[in-house]
Amino acid sequence: MTTILDAKARLGLTLIAGGAVANIYYNQPLLGLIVSEFGDAAALWVPTTALVGYGLGIIGLVPLGDALPRRRLIVAQCLGLAVALLAVGLAPNLACLALAHLVVGVLACAAQQAVPFAAELAPDASRGRIVGQVMTGLLTGILLARTASGFLGAHLGWRAVFLAASLLALAMAGIARATLPHTPQTHPLRYRALMLSILHLARSQPVLRTASLSQALLFAAFNAFWATLALLVENPPFGLSAAGAGLFGV
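If you count by this note's numbering, then the sequence shown holds residues 88 to 337, one letter each, in order.
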């Protein structure tokens, strides 16, 4: 890969990684507000569909980065995120809300397009530092998403959070178009071949299987804890607002 990853592109990838992944965590400190409108079932369906969608996106969309230009994929996913987040903010019932969250989760894997894009474009001598910078953006998005959404939701309502996130996704699409380099289509593989290559890696690489399983379990435990904590701290004896619940994310 001969394209140079300049400082502007590195910053763009860092912002996109954090801004994209944040979308699957906005709902967690807002669950009390959402439950009050849609009932107790929302506490199960809203966070679950977002996280399931994220997993489906990692499996089904991220491999496309090996066949199509990642810049184009990132821009398209950010534009799709803007529409899906708008649908969340305007959802009239729980079914629409859960379905929109599923789509948000699928498209939020744009964060996982940003990290390998940085690794592909970075020079050998600075690859670790550049990937670390983009990962810092991703982890910052995870940590600050709950705090920001809890504060905004407590003052303006939960719908305002997702309407604002829709505008942020549009901004990320603009950032991607303005900062990320054009890259050629390096591996013109069919989608079926991409999926089969994943199965081949899973069968032939035991270390990869172990790492994937351990990270999947960590991801599940992490989110099972944080998604339910908000409901706990909003009830007696704590009695915190959505803003207070969001502070537990940092």
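Here a beta-carbon is modelled for each residue, glycine too, at the ideal position from N, C-alpha and C. This one's a predicted model, so the numbers in the text were calculated from it and none came from an experiment.
- Under a 10 Å Cβ-count criterion, Asn-114 is classified as buried, with 16 or more other Cβ atoms of the shown protein chains found around its own Cβ.
- When the Cα atoms are used, Gly-147 and Met-282 turn out to be separated by approximately 8 Å.
- Arg-233 places its beta carbon 7 Å or farther from that of Tyr-141.
- Beta-carbon to beta-carbon, Met-259 and Ile-103 are separated by about 5 Å, close enough to satisfy the 8 Å threshold.
- For Cys-183, the closest C-alpha among the options Leu-226, Val-162, Trp-132 is that of Trp-132.
- Looking at Val-170, Gly-99, Tyr-278, the one whose alpha-carbon comes closest to that of Leu-155 is Tyr-278.
- Between Ala-197 and Ala-107, the CB-CB gap stays under 7 Å.
- In terms of CA proximity to Leu-168, Ala-187 leads the group Ala-187, Asp-153, Pro-179.
- Assignment of Ala-209 by DSSP, reduced to helix, strand and coil, places it in the coil class.
- Counting the other Cβ atoms within 10 Å of the Cβ of Ile-121 gives 16 or more, which makes it buried.
- Collapsing the DSSP output to three states places Arg-277 in coil.
- Judged by DSSP secondary structure, Val-162 falls within the alpha helix (DSSP H) whose first and last residues are 157–176.
- In summary, Thr-297 is exposed, with fewer than 16 beta-carbon neighbours lying within 10 Å of its beta-carbon over all protein chains present.
- Its Cα nearest to that of Ala-241, the residue Leu-117 stands out among Arg-97, Asn-110, Leu-117, Leu-100.
- The residue from Arg-97, Val-149, Thr-101, Ala-96 with its alpha-carbon nearest to that of Leu-225 is Thr-101.
- A residue is called buried when at least 16 other Cβ atoms come within 10 angstroms of its Cβ; Ala-128 does not meet this threshold and is exposed.
- Looking from the CA of Arg-159, the closest CA among Arg-290, Leu-267, Thr-136 belongs to Leu-267.
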